[in-house]
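Enquirer: Residue numbers (the UniProt record's numbering): 1 to 318. What follows is a structure written as structure tokens; I'll ask about it next.
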Amino acid sequence: MPLPSARRDRGRPDGPEAHDHQAELRRLESPLGLALGGGGARGLCHVGVMRVLEELDIRPDLVAGTSMGGLVGAFIAAGYTAEEMTKVALEVRWASMIDWRISGRLLSGKRIAAWLAEHLPATFEELDLPLVLATTDIVEGRLHYLSQGDLITALRATTAYPGVIPPVPAGDALLVDGGILNQIPVDGALAHGARRVIAVDATALTPMSAPDIEADRYQRRHALGTLREAFRAIDVMQAQLTAARLGFYRPDVLIDPHIEGVDIGDFHRSAVAIDAGEEAARGRVDQLRSLAARRHNRVGPGVRADSADDRAPGTEAD
């Protein structure tokens, strides 16, 4: 589902260069995909993962993302380094994007779009790498992948957490956060040309201790306790859905950071999430090096030593 483009020049006299990403992927022997999951502030762990991938000189050929994973993925596809992304994440004033009007939404879609336009090109075709964004059509209850046309609008769609950020109209569809149906779009990466995939789960379910009875009674009388219950319920639901999807579409390497004390809205703890991603990736260094080696060890023209045919994606991509 391509979105219409509103072209913006990104500081170049002749405008940004457009890429034929599919043609570029076809020239590669074994394209490597990076699938980044959603998770709000927790999704900034992807920046820490990229620190380690850069150290290992492992560079994705394609990025697929959901929600915050899609946002970080756009910065990766635009050529930002992990150091540059860390700077952006720690300096952005998230409070400036809050819609203080009584509108029923917490964040302003226009302010988010303006911030995105300051940092990213206008279209997918102007990115250095192909990018695939997972979104959910709440009209028909279907998953849509966006990979062409207006990048800023597509990013607004994949990050449109229901009730917080306004949904994005696209023809007859009404697009919101792709994490409702697909938290880690491994299949999106495979469907768009990747042959091997590194996946990062920003919402791995962490153990929860039994609640203190008196503290629980206190929290139940306040909104804080209710919100924590709601977030925990969402985490449990998404963990089950993610496990089922990853059973069908298995990544070559799965990185699942343990992000202590960071909820989806805790952007003031961005550094904690980033460091957790780095720590988790360092725990997978051997697997990552092995994957990098296998990319160059092929048993014959056009044949992988470990075929991904048994992981062929379905027909959800548009």
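Virtual Cβ for every residue (Gly too), placed ideally from N, Cα, C. These numbers come from a predicted model, not from an experiment.
Please name the residue in Gln183, Gly163, Gly193, Arg156 whose C-alpha comes closest to that of Ala113.
Expert: Start at 1 with the first residue of the sequence shown, and residue 113 comes out as number 113. Looking at the Cα atoms, Arg156 is the closest of the given residues.
Enquirer: Alpha carbon to alpha carbon, how far is Leu62 from Ala117? Give it in angstroms, no decimals.
Expert: Translated into the one-based positions of the sequence shown, residue 117 becomes position 117. Translated into the one-based positions of the sequence shown, residue 62 becomes position 62. Looking at the two C-alpha atoms, the distance is approximately 21 Å.
Enquirer: May I have the straight-line CA-CA distance separating Val262 from Asp256, to the nearest angstrom?
Expert: For the purposes of this step, residue 262 is taken as the residue at position 262 of the sequence shown. For the purposes of this step, residue 256 is taken as the residue at position 256 of the sequence shown. Approximately 14 Å, taken between the alpha carbons.
Enquirer: Report buried or exposed for Asp150, applying the criterion of at least 16 other Cβ atoms within 10 angstroms of its Cβ.
Expert: Within the sequence shown, residue 150 is the residue found at index 150, counting from 1. Classification of Asp150: buried, given that the 10 Å Cβ count is 16 or more.
Enquirer: Beta strand (DSSP E) containing Gly33: first to last residue?
Expert: Here the question's residue 33 lines up with position 33 in the sequence shown. Here the beta strand (DSSP E) through Gly33 covers 32-36.
Enquirer: Among Asp275, Arg42, Arg93, Ile152, whose alpha-carbon lies nearest the alpha-carbon of Leu127?
Expert: Here residue 127 corresponds to residue number 127 of the sequence shown, with the count starting at 1. Ranking Asp275, Arg42, Arg93, Ile152 by Cα distance to Leu127 puts Ile152 first.
Enquirer: Please name the residue in Ala204, Met237, Arg228, Gly277 whose C-alpha comes closest to that of Ile82.
Expert: By 1-based counting over the sequence shown, the position of residue 82 is 82. In the sequence under discussion, the amino acid at residue 82 is Ala, which differs from the Ile named in the question. The option with the nearest alpha carbon to Ala82 is Gly277.
Enquirer: Per DSSP, what kind of secondary structure is Val63 in: helix, strand or coil?
Expert: Taking the first residue of the sequence shown as 1, we reach residue 63 at position 63. The answer is strand: DSSP assigns Val63 an E or B state.
Enquirer: For Gln238, does the count of other Cβ atoms within 10 angstroms reach 16, so buried, or fall short, so exposed?
Expert: Counting from one through the sequence shown, the residue named residue 238 turns up at place 238. Answer is buried; the Cβ neighbour count reaches 16.
Enquirer: Is it buried or exposed for Arg195, if we count other Cβ within 10 angstroms and need 16 for buried?
Expert: Translated into positions along the sequence shown, residue 195 becomes position 195. Buried.
Enquirer: Is the Cβ-Cβ distance between Thr123 and Leu175 less than 8 Å?
Expert: By one-based count along the sequence shown, residue 123 stands at place 123. By one-based count along the sequence shown, residue 175 stands at place 175. Contact: no.
Enquirer: Please state whether DSSP places Arg196 in a helix, a strand or coil.
Expert: Position 196 of the sequence shown, counted from the start, is the residue given in the question as residue 196. Three-state result, Arg196: strand.
Enquirer: According to DSSP, what are the bridge partners of Leu146?
Expert: The sequence position of residue 146 within the sequence shown is 146, counting from 1. Leu133.
Enquirer: What does the Cβ neighbour count give for Asp235, buried or exposed, with the cut at 16 atoms within 10 Å?
Expert: Counting from 1 along the sequence shown, the entry for residue 235 is found at position 235. Asp235 is buried by the Cβ-count criterion.
Enquirer: At least one CB of chain B closer than 8 Å to the CB of His192: is that the case?
Expert: The chain labelled as chain B is not found in the depicted structure, where only one protein chain is given.
Enquirer: Tell me, please, which residues DSSP counts as bridged to Pro169.
Expert: Translated into positions along the sequence shown, residue 169 becomes position 169. Answer is Leu174.
Enquirer: Helix, strand or coil: which one does DSSP assign to Thr123?
Expert: Here residue 123 is taken as the residue at index 123 of the sequence shown, counted from 1. Strand, per DSSP.
Enquirer: In its own chain, which residues sit with a C-beta less than 6 Å from the C-beta of Gly104, not counting the 5 before and 5 after it?
Expert: Position 104 of the sequence shown, counted from the start, is the residue given in the question as residue 104. In this predicted model, Gly104 has a pLDDT of only 47, less than 50, meaning its place in the structure is not dependable enough to derive any value.
Enquirer: Hey, how far is the Cα of Ala233 from the Cα of Phe248?
Expert: As a first step, residue 233 is located in the sequence shown; it is residue number 233 there, counting from the start. As a first step, residue 248 is located in the sequence shown; it is residue number 248 there, counting from the start. Straight-line Cα distance between these residues: approximately 24 Å.
Enquirer: Measuring CB to CB, does Pro185 end up less than 8 Å from Ala35?
Expert: In the sequence shown, counting from the first residue as 1, residue 185 sits at position 185. In the sequence shown, counting from the first residue as 1, residue 35 sits at position 35. A contact, by the Cβ cut-off of 8 Å.
Enquirer: Does the Cβ-Cβ distance between Gln183 and Gly38 come in under 8 Å?
Expert: In the sequence shown, the residue the question calls residue 183 occupies position 183. In the sequence shown, the residue the question calls residue 38 occupies position 38. Closer than 8 Å, so yes.
Enquirer: Who are Leu25's beta bridge partners in DSSP?
Expert: Translated into the one-based positions of the sequence shown, residue 25 becomes position 25. Paired residues: none, contrary to the question.
Enquirer: So is His268 buried or exposed if we call it buried at 16+ other beta carbons inside 10 Å?
Expert: The residue you call residue 268 lines up with position 268 of the sequence shown. Classification for His268: exposed.
Enquirer: Are there any heavy atoms of the ligand FAD lying less than 7 Å away from the beta-carbon of Ala77, as far as the coordinates show?
Expert: The ligand content of the structure shown is nil, which means the ligand FAD is not present either.
Enquirer: Locate the beta strand (DSSP E) running through Ile255, then write down its first and last residues.
Expert: Locating residue 255 in the sequence shown gives position 255, counting from the first residue. Residues 253-255.
Enquirer: Near Ala18, what residues of its chain come up, given a Cβ to Cβ distance below 7 Å and the 5 sequence neighbours on each side ignored?
Expert: Working through the sequence shown from its first residue, we reach residue 18 at position 18. So the qualifying residues of the chain are Glu125, Glu126.
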